[in-house]
Amino acid sequence: SPLDLVAYSQYPRPAVFPQWNSDKPYLKDIKIMGYSIRTVDYRFTVWVKFHPENFTADFTNVQAGELYFVASDPLQDHNVYNRSLNDLKLSSML
Amino acid sequence: ADGPNVLFVVVDDLRPALGSYGDDLVKSPNIDQLASRSVVFQNAFAQQAVCAPSRVSFLTGRRPDTTRLYDFNSYWRARAGNYSTIPQYFKEHGYVTMSVGKVFHPGISSNHSDDSPYSWSIPPFHPSTEKYENTKTCRGKDGKLHANLICPVDVADVPEGTLPDKQSTEEAVRLLERMRNQNSPFFLAVGYHKPHIPFRYPKEFQKLYPLENITLAPDPQIPIELPPVAYNPWMDIRQREDVQALNISVPYGPIPVEFQRKIRQSYFASVSYLDTQVGLLLKALDDLQLSNDTVVVFTSDHGWSLGEHGEWAKYSNFDVATRVPLMFYVPGKTAPFVHPGEKRFPYISPFDSLSEVFSPGVQATELVELLCLFSTLSELAGLKVPPVCPSSSFHIDLCTEAPSIVKYFNFSEREEDGYSEG
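Line by line, the protein sequences are chains Z and Y.
Quick note on numbering: the working numbering labels position 69 of the first sequence as 69, and the sequence is numbered without any gaps.
Quick note on numbering: the working numbering labels position 384 of the second sequence as 1384, and the sequence is numbered without any gaps.
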């Protein structure tokens, strides 16, 4: 299954900009969740609006994104998300 | 139950800074020896790079969105669902299950009981010296004691004259001795504390890593195109006395280069100290003639950024924060059975410069998640593999969100071991 070849991770944030509780926000303070999918080729992350009261993420409300390609950028230093927004493949992921 | 025993070793904040993962600097001969007799997953990832959510996730086989634990402040059975855990499943199938050290994150997230009695047959063990980890036990240049980040200690000089991971090893060995002649198989989980901060380790390990040999992260700058929300300001290390003294600006201020070297030196020294504890534990398994009957799994709750992207913590989605070591030793499968008189895991001192260089073991490059541990260990133990969860599984007590990865072990492609056949 193609899903066998993907690893997911996620990380919560209280705000768009770093602040004192960005590392370990309490549930009630979580406003954004960063969801990542990884394949052997890339890591793609969207930071989306999160509602802690009902544990839901709004994938139509994307605050920021990251996209790194393993072959050209193994250390994940060059986020090409914004440059790739018009790319057909990225659009289909979103 | 008549399956093999399981020794589950989970480390705190260990990225794959190990010889068996290609790190030339780090001295980890005992873990490398285990790797050489194991299947080693090169691309294994945690589901969230912080302790409690990650541990609850892999111990229940559910993602954080299903455990509804993203912080440290709730118990999944109360908030999300009455999900079974790996040890609970083994316990219900006739295993004696035991917890030593930090397996579950302590506190509310495991009901202040490490999920006892659901998960464990006997009360979990915690080292008595855990309580000193964040206290002032680091001797400064002024001769006084401080709560530093970098904290090499003279073990004879610290409270109770020992350290938490040493106590955990001793207790785990005691339990192995007790289980040796029992009729029931055991599931022993051992959770080591290091290399989690503070870097409080026996000072002799610092000598393994002369400062002049310590390199910096290859990409110590915060990437220009990194969205601010993706950056973590590593607040916990800023609270340590030695870091506070550096007056680093929040949130982006860089750590002075020489101190970066010291952090990396002490992280690596902590890994080598951890390696000795793992070595002593595996030696005991050998000495008690249990290495032919015990599956060993070794992993970590998540990684840690050692300066990459200007970060010094977990708390992110970067690979350095989420990638973990993951290896499985399956006697008779990943390595031949041990013949009488042979040793599978002799202890190796990291101070022995002539120590053997191990082959890296069987490498598996498939992308896998820590979530797979539940189904994988069940399969390896010969238990029925829990079903894969439907898309919503809050009402289902027993299922997992990731399939077993035993299919990647490629057992069928290996040579049959004559001794095991016999």
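Cβ coordinates follow ideal geometry from the N, Cα and C atoms, glycine included.
The model shown is predicted, which means the values in this text are computed figures rather than measured ones.
At a Cβ-Cβ threshold of 8 Å, P1387(Y) and C1372(Y) do not count as neighbours. Beta-bridge annotation (DSSP): L1326(Y) is paired with F1041(Y), T1299(Y). Look at I1108(Y) here: in three-state DSSP terms it is helix.
Proximity of chain Y to H51(Z) at the Cβ level (cut-off 7 Å) is not reached, the minimal Cβ distance being about 12 Å. Secondary structure of D1013(Y) (DSSP, three-state): coil. With a cutoff of 8 Å on beta-carbon distance, R13(Z) and V1229(Y) are scored as near each other. Annotation: W1312(Y) to E1342(Y) spans about 43 Å, alpha carbon to alpha carbon. Counting the other Cβ atoms within 10 Å of the Cβ of E1308(Y) gives 16 or more, which makes it buried. P1251(Y) is not a Cβ neighbour of P25(Z), given a cutoff of 8 Å. The Cβ of N86(Z) sits no closer than 8 Å to any Cβ of chain Y. Chain-ordered, the chain Y residues with CB closer than 8 Å to the CB of S36(Z) read N1317, T1322. Residues are counted here when their Cβ sits less than 8 Å from a Cβ of chain Z; for the segment 1062-1081 of chain Y these are R1063, P1064, D1065, R1068, Y1070, D1071, F1072, N1073, S1074, given in chain order. In this structure, the alpha-carbon of T1215(Y) lies about 7 Å from that of R1261(Y). One alpha carbon belongs to Q1182(Y), the other to P1029(Y), and they sit about 31 Å apart. When C-beta distances to chain Z are compared with 9 Å, the residues of the segment 1218-1238 of chain Y below that value are P1218, D1219, Q1221, P1223, I1224, E1225, L1226, P1227, P1228, V1229, A1230, Y1231, N1232, P1233, W1234, M1235, D1236, in chain order. By the Cβ-count criterion, V1357(Y) is exposed, with fewer than 16 other Cβ atoms from all chains shown falling within 10 Å of its own Cβ. The beta carbon of A7(Z) sits closer than 8 Å to some beta carbon of chain Y. Taking CB atoms only, Q1047(Y) has a neighbour in chain Z less than 8 Å away. Excluding its 5 nearest sequence neighbours in each direction, I30(Z) has C-beta neighbours in its own chain below 8 Å: P12, R13, P14, F50, P52, listed in chain order. Neighbours of A1313(Y) in chain Z, taken as residues at a C-beta separation under 8 Å, are given in chain order as D23. Under the Cβ criterion (8 Å, minimum of three pairs), the segment 1169-1186 of chain Y counts as touching the segment 1096-1103 of chain Y. Under the Cβ criterion (8 Å, minimum of three pairs), the segment 1232-1251 of chain Y counts as touching the segment 1146-1162 of chain Y.
A check of alpha carbon separations from E1379(Y) across P1340(Y), D1397(Y), V1330(Y) identifies V1330(Y) as the nearest. Contact with chain Y is found for T45(Z), since one of that chain's Cβ atoms lies less than 8 Å from the residue's Cβ. A direct Cα-to-Cα measurement between L67(Z) and Y35(Z) gives close to 12 Å.
The beta carbon of E1356(Y) does not come within 8 Å of any beta carbon belonging to chain Z, so the residue lies off that interface.
Put simply, the CB of V48(Z) is far from chain Y, with every gap to its CB atoms at 8 Å or more. Around the beta carbon of S1110(Y), 16 or more other beta carbons lie within 10 angstroms, which makes this residue buried. M1327(Y) and G1143(Y) have their alpha carbons spaced roughly 42 Å apart.
In the same chain as Y1315(Y), and ignoring 5 residues on each side of it, the C-beta atoms closer than 8 Å to its own belong to A1049, V1050, N1232, W1234, A1321, in chain order.
With a cutoff of 8 Å on beta-carbon distance, Q1033(Y) and F1318(Y) are scored as not near each other.
Interface flag for A71(Z) against chain Y is unset, since no Cβ pair is found closer than 8 Å.
In the displayed model, E1356(Y) falls within coil according to three-state DSSP, outside both helix and strand.
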